[in-house]
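Same order as they appear, the protein sequences are chains A, B and C. Number 231 in numbering that gives the first Met the number 0 belongs to position 232 of the first sequence; there are no gaps in the numbering. Number 412 in numbering that gives the first Met the number 0 belongs to position 413 of the second sequence; there are no gaps in the numbering. Number 77 in numbering that gives the first Met the number 0 belongs to position 78 of the third sequence; there are no gaps in the numbering. Just so you know, even glycine gets a beta-carbon here, dropped at the ideal spot from N, CA and C. Written below as structure tokens is the structure these notes are about.
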Amino acid sequence: MSFFSRYRILLPVISLAVLLAATFYMQPRAMSYFGLNLLFNLAVPIALATIAQMMILMVNDIDLSIGAFVSLVACVTATFLNDAPLLGLLILAALILAYAAMGAVIDALDLPAIVVTLGMSFVWGGLALFILPSPGGAAPGWLRTLMTVKPPFMPMAVVAAILIAFVTHMLIIRSGFGTVLRGVGGNARAISRAGLSVTRLKAWAYGLAGLFGVLAGMALVGLTTAADANIALRYTLLSIAGVILGGGEFTGGKVSPTGAVIGALTLTLAASFLSFLRLSPDWQIGSQGAILILVLTARLVFSRKGDAA
Amino acid sequence: MSEHESAPIVTLTDAAKHFGPVRALDGVSLSVRPGDCLGLVGHNGAGKSTLVYLVNGGFAPSAGEIAFPGAANAAEAGVRSVFQELSLCPNLTVAENLRISNRGLTGIGWRRPARKVITESLDRIFPGHGIDPDAEVDTLPIAERQMVEIAIGFAPRGTEARLVILDEPTSSLDAGIAEQLLTHIKSFCASGGAVIFISHMLGEVFQVASRIIVLKDGRIVAERPTAEFSRQGLVEAMGHVAAEGTGQAAEAVRHTGEIVIRTEQGLTARAGEIVGLSGLAGHGQAQALAKLFLSQSSNWRAGHDPKSVFVAGDRPRDGILPLWSILKNMSISFLRQIERWGVVDRAAERAMTEEWKKRIGIRTDDVTNPVLSLSGGNQQKVLFARALASTAPVVIMDDPMRGVDVGTKQDVYAMIRDEATRGRTFLWYSTETEEVCQCDRVFVFRNGEISAELTPPNITEERILEASFHMQEAS
Amino acid sequence: MSSSSASRSPLAVLISRPWIWSWAAAALAFAATLGLTSGRGGGELAYAALSFGAFAAIVGMGQMLVITLGPGNIDLSVPATMTLAATLALRAMGSEPGTAFYGLAIALAVGFCVGIANFALIFLLRLPPIIATLAASLIYQSIAIWSNRGLRIKPPEGLAEFATGRFLGVPNIAWIGLLLAILVWVLLERLTWGRWLLATGQNQRAARLAGVPVEAVRAATYVTVALFASLAGYLLASFSGGAALNMGTEYLLMSIAVVVIGGCSVAGGDSNVPGVWGAALFMFLVVSMLNSYGTGAGVRNVLTGTIIIAIVIAASTRRNRQ
Numbered sequence: 000m001s002f003f004s005r006y007r008i009l010l011p012v013i014s015l016a017v018l019l020a021a022t023f024y025m026q027p028r029a030m031s032y033f034g035l036n037l038l039f040n041l042a043v044p045i046a047l048a049t050i051a052q053m054m055i056l057m058v059n060d061i062d063l064s065i066g067a068f069v070s071l072v073a074c075v076t077a078t079f080l081n082d083a084p085l086l087g088l089l090i091l092a093a094l095i096l097a098y099a100a101m102g103a104v105i106d107a108l109d110l111p112a113i114v115v116t117l118g119m120s121f122v123w124g125g126l127a128l129f130i131l132p133s134p135g136g137a138a139p140g141w142l143r144t145l146m147t148v149k150p151p152f153m154p155m156a157v158v159a160a161i162l163i164a165f166v167t168h169m170l171i172i173r174s175g176f177g178t179v180l181r182g183v184g185g186n187a188r189a190i191s192r193a194g195l196s197v198t199r200l201k202a203w204a205y206g207l208a209g210l211f212g213v214l215a216g217m218a219l220v221g222l223t224t225a226a227d228a229n230i231a232l233r234y235t236l237l238s239i240a241g242v243i244l245g246g247g248e249f250t251g252g253k254v255s256p257t258g259a260v261i262g263a264l265t266l267t268l269a270a271s272f273l274s275f276l277r278l279s280p281d282w283q284i285g286s287q288g289a290i291l292i293l294v295l296t297a298r299l300v301f302s303r304k305g306d307a308a
Numbered sequence: 000m001s002e003h004e005s006a007p008i009v010t011l012t013d014a015a016k017h018f019g020p021v022r023a024l025d026g027v028s029l030s031v032r033p034g035d036c037l038g039l040v041g042h043n044g045a046g047k048s049t050l051v052y053l054v055n056g057g058f059a060p061s062a063g064e065i066a067f068p069g070a071a072n073a074a075e076a077g078v079r080s081v082f083q084e085l086s087l088c089p090n091l092t093v094a095e096n097l098r099i100s101n102r103g104l105t106g107i108g109w110r111r112p113a114r115k116v117i118t119e120s121l122d123r124i125f126p127g128h129g130i131d132p133d134a135e136v137d138t139l140p141i142a143e144r145q146m147v148e149i150a151i152g153f154a155p156r157g158t159e160a161r162l163v164i165l166d167e168p169t170s171s172l173d174a175g176i177a178e179q180l181l182t183h184i185k186s187f188c189a190s191g192g193a194v195i196f197i198s199h200m201l202g203e204v205f206q207v208a209s210r211i212i213v214l215k216d217g218r219i220v221a222e223r224p225t226a227e228f229s230r231q232g233l234v235e236a237m238g239h240v241a242a243e244g245t246g247q248a249a250e251a252v253r254h255t256g257e258i259v260i261r262t263e264q265g266l267t268a269r270a271g272e273i274v275g276l277s278g279l280a281g282h283g284q285a286q287a288l289a290k291l292f293l294s295q296s297s298n299w300r301a302g303h304d305p306k307s308v309f310v311a312g313d314r315p316r317d318g319i320l321p322l323w324s325i326l327k328n329m330s331i332s333f334l335r336q337i338e339r340w341g342v343v344d345r346a347a348e349r350a351m352t353e354e355w356k357k358r359i360g361i362r363t364d365d366v367t368n369p370v371l372s373l374s375g376g377n378q379q380k381v382l383f384a385r386a387l388a389s390t391a392p393v394v395i396m397d398d399p400m401r402g403v404d405v406g407t408k409q410d411v412y413a414m415i416r417d418e419a420t421r422g423r424t425f426l427w428y429s430t431e432t433e434e435v436c437q438c439d440r441v442f443v444f445r446n447g448e449i450s451a452e453l454t455p456p457n458i459t460e461e462r463i464l465e466a467s468f469h470m471q472e473a474s
Numbered sequence: 000m001s002s003s004s005a006s007r008s009p010l011a012v013l014i015s016r017p018w019i020w021s022w023a024a025a026a027l028a029f030a031a032t033l034g035l036t037s038g039r040g041g042g043e044l045a046y047a048a049l050s051f052g053a054f055a056a057i058v059g060m061g062q063m064l065v066i067t068l069g070p071g072n073i074d075l076s077v078p079a080t081m082t083l084a085a086t087l088a089l090r091a092m093g094s095e096p097g098t099a100f101y102g103l104a105i106a107l108a109v110g111f112c113v114g115i116a117n118f119a120l121i122f123l124l125r126l127p128p129i130i131a132t133l134a135a136s137l138i139y140q141s142i143a144i145w146s147n148r149g150l151r152i153k154p155p156e157g158l159a160e161f162a163t164g165r166f167l168g169v170p171n172i173a174w175i176g177l178l179l180a181i182l183v184w185v186l187l188e189r190l191t192w193g194r195w196l197l198a199t200g201q202n203q204r205a206a207r208l209a210g211v212p213v214e215a216v217r218a219a220t221y222v223t224v225a226l227f228a229s230l231a232g233y234l235l236a237s238f239s240g241g242a243a244l245n246m247g248t249e250y251l252l253m254s255i256a257v258v259v260i261g262g263c264s265v266a267g268g269d270s271n272v273p274g275v276w277g278a279a280l281f282m283f284l285v286v287s288m289l290n291s292y293g294t295g296a297g298v299r300n301v302l303t304g305t306i307i308i309a310i311v312i313a314a315s316t317r318r319n320r321q
């Protein structure tokens with residue numbers, strides 16, 4: 000085993016550290032409470048969406064609807080949750096259940112997750128447009144306060160990222176239930192041979208994804224104070240990239256919640272870093288793609304070395 | 000060993016299992032009591048795996064009865080099985096894998112007991128194993144994975160293990176580790192557990208089993224205490240009692256040409272020769288053939304004159320294209336011979352398909368019917384026709400006679416002989432010894448390697464069985 | 000399922016064709032729209048459906064070939080390819096008259112390079128196609144943004160006239176779409192290459208063991224989808240008076256949706272050229288139907304998504320029954 004494939008968390012940590020060091024070198028003023036807050040401001044919703052995507056990749060599926068879903072949640076949060084909190088909460092709970100049902104149906108009927116989630120992205124997007132045809136709404140005050148709170152020593156974004164990583168690590172890596180969920184991705188036959196229902200477990204994984212999708216949408220509205228139906232469409236790509244950057248794999252149930260959060264932070268930082276580089280904004284999207292390809296290439300090289308050793 | 004006073008763990012009375020017309024298990028009566036160590040031997044297709052799946056509750060019997068006195072089902076009775084194919088989750092750690100099969104491990108801090116249980120089990124069976132319970136399974140070498148699987152089989156998981164079924168448990172273990180396992184099996188049985196032990200290493204079976212059961216064609220043909228068997232007697236019991244009168248030996252000195260195939264493993268074949276591959280199923284024959292075919296053809300180019308063609312035995316996985324008609328399934332391997340400027344000559348395609356349908360006797364009124372409308376045997380004929388209709392000089396056959404009726408088999412044998420005399424080379428892996436005995440030369444595989452090369456008059460069932468099973472003392 | 004083909008009535012045979020459903024749905028949407036205007040504007044509606052449907056059909060047929068390759072094969076870089084090809088082609092032509100074919104060559108060259116690049120990522124880096132084409136599409140998008148610089152270059156006049164013109168009452172674009180459909184149909188039904196593609200999609204391992212050069216087939220297919228996307232981008236830009244950076248956006252979901260609605264198997268190995276055309280018309284007609292009934296974009300999207308999922312579920316239960 001090579002060093003890197005043994006400690007797969009190292010590559011994402013090093014990537015983030017290098018990027019952070021480069022940013023501080025370019026822009027020493029960023030090395031402060033407010034600087035960090037600015038750099039990682041938008042990282043919290045992205046990290047939550049990345050965790051949601053990770054839940055799906057964990058059971059060997061992929062979710063092309065998470066961006067539309069987060070947008071829908073943002074619209075619900077900025078309207079119903081603000082105007083009629085109880086109704087808003089009910090709607091959000093129903094959305095989480097819908098996600099769980101989607102997982103159960105995908106497994107029970109053996110449907111391709113790519114196509115089903117693609118279809119659902121139309122549905123979520125349509126509902127979002129229905130609720131909020133034009134940008135608007137308002138963030139509930141408590142949410143706004145929560146997202147802009149200024150804890151001592153570390154900015155909110157960093158505290159939240161650590162908290163998310165800790166909670167999901169306990170849930171997915173440490174707990175027995177999370178272990179079984181990862182087992183579904185690793186060897187679903189062994190799971191069903193042990194007498195567990197794979198369909199029920201997949202429903203749980205999708206339900207958890209729905210939960211974190213809801214949290215992502217709420218966090219996003221807390222930051223932006225308003226919503227629109229397309230507010231988070233790019234999260235679909237970002238979340239997949241975040242999981243992969245964080246050392247997760249597409250198949251085999253190999254995921255790392257800590258890595259996923261670090262991946263999300265790296266992606267957020269990359270955008271700021273490129274603007275410090277005075278790189279033309281034209282290349283911002285492209286460089287995200289290039290970073291993704293580079294990381295995957297690096298991982299391939301390391302795993303090849305691991306095989307050879 | 001103490002006498003069997005206590006109630007049996009599992010009792011089968013006249014249990015049978017049929018898959019359609021195939022009688023995989025044809026009335027087996029058996030009871031396993033605490034303290035028993037049963038050696039289960041038999042050749043390919045004798046019904047070993049079916050018996051295992053009946054005992055561990057994987058299948059319900061088609062006829063007869065299976066009972067677990069004092070328990071509702073196999074799991075409750077403490078029946079465990081350890082299979083050759085790995086049933087661990089590779090992305091989880093050793094201790095986490097125990098959690099999958101043991102739902103008793105719940106609550107905060109479940110890892111500590113899980114680690115303790117699995118480490119204790121490993122220590123008991125394989126002292127000095129050096130396996131870290133926190134290592135992810137896919138970072139372990141294959142032998143250690145097998146050890147983990149065995150340890151989980153014997154570990155307490157809510158219920159204690161009372162009957163552990165081990166299917167080829169030592170296949171990837173070295174001799175020292177295998178010896179540790181055998182020692183553990185003996186002490187496990189001495190303390191009131193029971194084991195069903197399946198292995199191609201006859202030495203191991205003799206060393207560990209208190210009783211040996213020989214299965215043949217879905218029936219128990221012999222069941223005696225180990226001491227009453229000799230090794231030679233055991234091999235004879237597995238084989239066909241009646242003397243073979245195939246009469247192929249007369250043709251032994253057929254004229255064959257120069258060597259056309261030579262692999263690193265030592266597999267060779269001459270032009271016009273029918274080369275058999277034998278040995279127990281899953282000992283590397285299929286892989287060797289697939290590797291040979293892939294090395295002779297390309298991912299990137301398909302020329303007009305292919306070097307070899309492949310006849311699949313595992314039809315759904317390797318052969319049949321399920322959405323297509325019989326016609327298209329058959330023509331896929333000779334399209335390049337009948338195309339003009341890349342366009343399929345459909346008249347020629349049709350004519351060739353009709354001709355082969357007649358020659359090989361595919362039962363259908365219309366070759367444009369879906370291939371899945373055919374019975375398994377007729378589907379197999381389509382795959383044969385696909386290969387024989389191409390011009391390739393080498394035909395590689397991966398156990399192609401599964402599910403084919405006797406009449407067809409005779410036709411195909413004749414056709415293969417005929418093609419061989421015209422200079423075609425056949426590499427033929429078969430799980431049926433009868434078929435292999437018709438070959439000009441036979442390679443017997445064991446553990447992924449060639450364990451014997453037989454030529455007439457040595458191509459006999461006995462010789463093949465000898466080479467398939469490891470006859471030496473296991474130590 | 001055997002022995003019944005001979006005894007079935009023509010109607011039953013027609014119903015058993017998977018492509019009939021998308022055409023029936025398109026006809027229904029057409030009738031429903033006209034029902035509101037009591038038959039007026041039928042010609043215009045059909046003309047518009049053929050024009051806009053053609054773009055979806057061209058892109059969809061490319062995507063269909065990739066999806067035919069089997070589970071996991073998909074090209075998510077279609078929109079970026081369309082935009083990039085259109086942008087570079089229009090810049091090369093610079094609105095000069097007589098440069099239409101030069102521009103077309105540029106667009107197709109872009110498509111070729113994109114296809115090769117996509118497959119290189121898939122094959123050399125062993126990336127799942129979904130992530131390889133996704134990551135690469137971000138780069139194509141950036142190149143398009145960079146080369147576009149926010150300018151809107153008009154297509155040469157002749158080309159614009161051709162793209163918006165008609166022949167025998169049918170839009171030129173639709174003729175091109177039809178021509179490509181025939182080409183793809185011939186490829187799939189008559190050429191050795193098409194047989195190889197369909198075999199690969201049914202079972203890649205079995206196809207390989209039957210002697211099919213599967214990697215060559217996959218490479219050619221990824222190049223083909225990019226060529227189709229670049230052609231669609233070139234035509235769309237000529238049609239709409241210039242390239243826009245978001246011109247391809249709606250075609251990502253559209254290209255996949257028409258394949259699914261058109262009755263192709265998502266599991267691969269089963270293509271359906273007429274069905275894709277029918278689905279492309281349907282996708283346009285259902286939008287205009289809902290528009291004329293005054294429903295908003297939201298309801299439209301929900302309906303589209305529901306249709307896609309319903310079709311996937313219907314296809315899977317049909318598969319399970321067999």
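Starting from residue i, follow the beta strand (DSSP E) in both directions and report where the run begins and ends.
| i | result |
| --- | --- |
| B/K16 | V9 to F18 |
| B/C36 | C36 to G41 |
| B/S80 | V78 to V81 |
| B/Y428 | T424 to Y428 |
If I'm right that residue i touches residue j with Cβ under 8 Å, what's the distance once you round it to whole angstroms?
| i | j | result |
| --- | --- | --- |
| C/S237 | C/L35 | At roughly 32 Å, the Cβ-Cβ gap does not stay under 8 Å, so C/S237 and C/L35 are not in contact. |
| A/V69 | A/L162 | Actually they are not in contact, since the Cβ atoms of A/V69 and A/L162 sit about 19 Å apart, beyond 8 Å. |
| A/A138 | A/T224 | 5 Å |
| A/V197 | A/L56 | Not a contact, Cβ separation roughly 16 Å. |
Closer than 7 Å by beta-carbon distance: list the chain C residues that pair up with residue i, in chain order.
| i | result |
| --- | --- |
| B/L334 | T191 and R194 |
Give me the chain A residues within the contact set of residue i, using Cβ-Cβ distance strictly less than 7 Å, ordered along the chain.
| i | result |
| --- | --- |
| B/T10 | Neighbours of B/T10 on chain A: none; closest Cβ ~23 Å, over 7 Å. |
| B/I99 | V179, G182, A189, I190 and A193 |
Residue i touches chain C at which residues, Cβ-Cβ below 8 Å?
| i | result |
| --- | --- |
| A/L78 | First, the residue type needs correcting, since residue 78 of chain A is Thr and not Leu in the sequence shown. Simply none; closest approach about 13 Å. |
Got a sec, what are the start and stop residues for the alpha helix (DSSP H) residue i sits in?
| i | result |
| --- | --- |
| A/M155 | M155 to T167 |
| A/C74 | I65 to V75 |
| B/K306 | B/K306 -> no alpha helix (DSSP H), and no H or E assigned at all. |
Output, in chain order, the set of chain B residues within a Cβ distance shorter than 7 Å of residue i.
| i | result |
| --- | --- |
| C/G210 | S296, A301, P305, V308 and S332 |
Below 8 Å on C-beta distance, what does residue i contact in chain B?
| i | result |
| --- | --- |
| C/A313 | By Cβ distance, chain B contributes nothing, its closest Cβ being about 17 Å from C/A313, past 8 Å. |
Are the region 293-304 of chain B and the region 271-279 of chain B touching, with three or more C-beta to C-beta distances below 8 Å?
no
Residues, ordered as in the chain, of the region 316-329 of chain B that lie near chain C by beta-carbon distance below 8 Å
R316, D317, G318, I319, L320, P321, L322, W323 and K327
Okay, do the region 79-88 of chain C and the region 231-246 of chain C touch, 3+ Cβ pairs below 8 Å being the bar?
yes
Residues from the region 87-115 of chain B in contact with chain A, defined by Cβ distance under 7 Å:
L87, C88, P89, N90, L91, E95, R98, I99, S100, L104, T105 and W109
At a CB distance below 9 Å, what residues from the region 109-125 of chain A approach chain C? Give them in sequence order.
D109, L110, P111, I113, V114, V115, L117, G118, M119, S120, F121, V122, W123, G124 and G125
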